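A.B. asks: My structure is below; once you've seen it, I'll send some questions.
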Amino acid sequence: MKVGVKGKLWRILRNIYAKVESSVLLGKSRTEWFEIEVGLRQGCLLSPILFDIFLDDLVREINSLGKGVVCGDRRISILLFADDIALLAESKSDLELMLKTIYEFSLKWRFKFNLDKCAVIVFKNVLHDPIVYGNCVGTCSCGYHWSFCNGKYYPILYGIRILTKARSNMGRVWAMGLKSGHLSVKGGICLWKALVRSIVEFSAEVWGFEAWPEAESLQYDMCRRILRCSSMTSKEALLGELGFYFLSAWRDLKKLFYWFHLRNLPDSRILKQAYLMSSRSTKGKSWCSKLKKVLNEYNLAHLWENPNTVFDYAQNNGNNGEAKVNIHDKGVWRKYFSKIIFQWEEKQWKERMWKKAKLRSYRYFKSHLRLEKYLSTSTYFRGRVLMTAIRSGSNQLCIDVGRQKQWKEAQRVCEHCDSKFVENEVHFVIFCAKYASLREKLFQKIWIISDGKWKLQNHSWHDQFLILVNGTGDTYQMLVFSAFQGFLFQAFKLRGV
5 MKVGVKGKLW RILRNIYAKV ESSVLLGKSR TEWFEIEVGL RQGCLLSPIL
55 FDIFLDDLVR EINSLGKGVV CGDRRISILL FADDIALLAE SKSDLELMLK
105 TIYEFSLKWR FKFNLDKCAV IVFKNVLHDP IVYGNCVGTC SCGYHWSFCN
155 GKYYPILYGI RILTKARSNM GRVWAMGLKS GHLSVKGGIC LWKALVRSIV
205 EFSAEVWGFE AWPEAESLQY DMCRRILRCS SMTSKEALLG ELGFYFLSAW
255 RDLKKLFYWF HLRNLPDSRI LKQAYLMSSR STKGKSWCSK LKKVLNEYNL
305 AHLWENPNTV FDYAQNNGNN GEAKVNIHDK GVWRKYFSKI IFQWEEKQWK
355 ERMWKKAKLR SYRYFKSHLR LEKYLSTSTY FRGRVLMTAI RSGSNQLCID
405 VGRQKQWKEA QRVCEHCDSK FVENEVHFVI FCAKYASLRE KLFQKIWIIS
455 DGKWKLQNHS WHDQFLILVN GTGDTYQMLV FSAFQGFLFQ AFKLRGV
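Positions in the sequence shown are counted from 1; adding 4 to them yields the working numbering.
As structure tokens, this is what we get:
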């Protein structure tokens, strides 16, 4: 039963919207007031209520169609949040009927849809061939067009759409200072997480169980830009220097957090009812069946039947020895899942690293999947880039050039001295006579800046190399890194690079 707005209440609303004006605050200055002729007052407490009243009739009309999907003991046709509308249907014909209804409602009440933000997402439990759209006009003959607003909408593949947006944002990050070298590594990582990775992980709680090599390639590309390294740099070295996981691991982590959230919802919530339906499904393509595979992959299958086993972790990690742990504590679960996935990723990364002959020197000093401290030096960034090249094995030394030309290792001898030794990273840094003067100055500088603690002349070549490329592990470490990066810059300059 509808009740019209009349009398005093109507006069109040009419007076509130008789003249709506706004201005823009720029620093400490304010623009001139300008009139707003469309929409509700921004920031007004009454605006959300008025908007809900305005859309209430639309919800009623959609629900009256009797379409939608069954979830628990109810049928869901439409979901709304602020000015976003999501329609749910079991078939193409049902969805087009609902689209027609909301389009007619928009004509009646004079509002428009942003067509660039509208899309159709199709969920199927079976793999299908790539979508090929026909040149349909008026009537669809290919079966991949949905009629709306006297036009056509295409079920754009979600992964392609967000990947395109992520690449666009990665280009923006590159222009923000990575290209020029003015942006620090940590700044680049923060922008990657906020502007790029956040896009490819959006709503990953409910999708992305399969491998997504295109997204992984995007991350490798970003790693190369942050480190400013060669396109030939090993993927394991890229991840290792920055301490990055596979993107699939981050998606799995989000799913596990979401699973914890779903388990703790009251049964009356729609989300919980959908979860319970999925958990009872006998089909192997349901969300819960796929989540079980994720749990099994990380050896966490026991949590599905008995989540209380997380107590063992909580009591031994960060609980200060207390016996009582709240099983519903989100922090406990986050620490638990994060630790398990980190250990898994580091283990897999090490196994892949040991299979790469190119990383022979890298394995010599790199054993943990973590952000390296030398990347935080404040010296000229080209020295830091050269240090990354030396550590990762993708540089212009004969060992790397010969590998690309498929020379035997014995043929990759140093062309800058008479030693006839293979020019690998150790030879270049410690032994090559061409850089003896620079090396002597480097060792002397390190002895001075460390107050006499590190006199590298008294150490073996093995320790000298490790100290220079991997750090001293004390308060002098960043100064030693900076000095070594200066040496690399001068040495490569001497080579004519």
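Even for Gly, the Cβ is constructed at its ideal location relative to N, Cα and C. All values reported here derive from a predicted model rather than from experimental measurement.
Of all the options W178, E39, E413, which has the alpha carbon lying nearest to the alpha carbon of S26?
C.D. replies: E39
A.B. asks: Tell me the DSSP secondary structure of L49 in three-state form.
C.D. replies: coil
A.B. asks: Hey, quick one: how far does the alpha helix (DSSP H) through R338 stretch, first residue to last?
C.D. replies: 334-357
A.B. asks: Given 8 Å as the limit, is there contact between the stretch 394-401 and the stretch 197-216, that is, 3 or more CB pairs closer than that?
C.D. replies: no
A.B. asks: State the DSSP-derived secondary structure class of C421, mapped to helix, strand or coil.
C.D. replies: coil
A.B. asks: Use the C-beta contact count for G384: other C-beta atoms within 10 angstroms, 16 or more gives buried, fewer gives exposed.
C.D. replies: According to the sequence shown, residue 384 is Tyr rather than Gly. With fewer than 16 other beta carbons inside 10 angstroms of its own, Y384 counts as exposed.
A.B. asks: Can you tell me the Cα-Cα spacing of C270 and L84, whole angstroms?
C.D. replies: What sits at residue 270 in the sequence shown is Pro, not Cys. Cα-Cα distance, rounded: 21 Å.
A.B. asks: Once you ignore the five residues that flank Y439 on each side, which residues in its own chain have a CB closer than 6 Å to its CB?
C.D. replies: Only A495 meet the Cβ criterion.
A.B. asks: If we ignore side chains and look at the alpha-carbon of each, how far apart do C292 and T237 end up?
C.D. replies: 38 Å
A.B. asks: Return the bridge partner residues of V426 from the DSSP annotation.
C.D. replies: V417
A.B. asks: Are the CB atoms of I345 and A208 within a distance shorter than 7 Å?
C.D. replies: no
A.B. asks: Please classify D256 as buried or exposed, where buried requires at least 16 other C-beta atoms within 10 Å of its C-beta.
C.D. replies: It counts as buried.
A.B. asks: Taking A170 and I193 to be in contact with their CB atoms under 8 Å, please state how far apart those CB atoms are, rounded to whole angstroms.
C.D. replies: No, A170 and I193 are not in contact; Cβ-Cβ is about 15 Å, not under 8 Å.
A.B. asks: From L460 to F493, what does the alpha carbon distance come to, in whole angstroms?
C.D. replies: Rounded to the nearest angstrom, the two C-alpha atoms are 20 Å apart.
A.B. asks: By the DSSP assignment, the beta strand (DSSP E) with N90 in it spans what residues?
C.D. replies: Checking the sequence shown, residue 90 turns out to be Ala, not Asn. Unbroken beta strand (DSSP E) run through A90: 88-91.
A.B. asks: Are there 16 or more other CB atoms within 10 angstroms of the CB of H431, so buried, or fewer, so exposed?
C.D. replies: buried
A.B. asks: Buried or exposed: where does K370 fall if 16 or more other Cβ atoms within 10 Å of its Cβ makes it buried?
C.D. replies: K370 counts as buried, since no fewer than 16 other beta carbons sit within 10 angstroms of its beta carbon.
A.B. asks: Over what stretch of residues does the alpha helix (DSSP H) that includes I434 continue unbroken?
C.D. replies: No alpha helix (DSSP H) contains I434, which DSSP labels as neither H nor E.
A.B. asks: Taking the Cβ atom as the reference point for each residue, do I403 and E419 lie within a distance shorter than 7 Å?
C.D. replies: It is not a contact, given that the beta carbons lie outside the stated cut-off.
A.B. asks: From G181, S188, E100, pick the residue whose C-alpha is nearest to that of W150; which is it?
C.D. replies: E100
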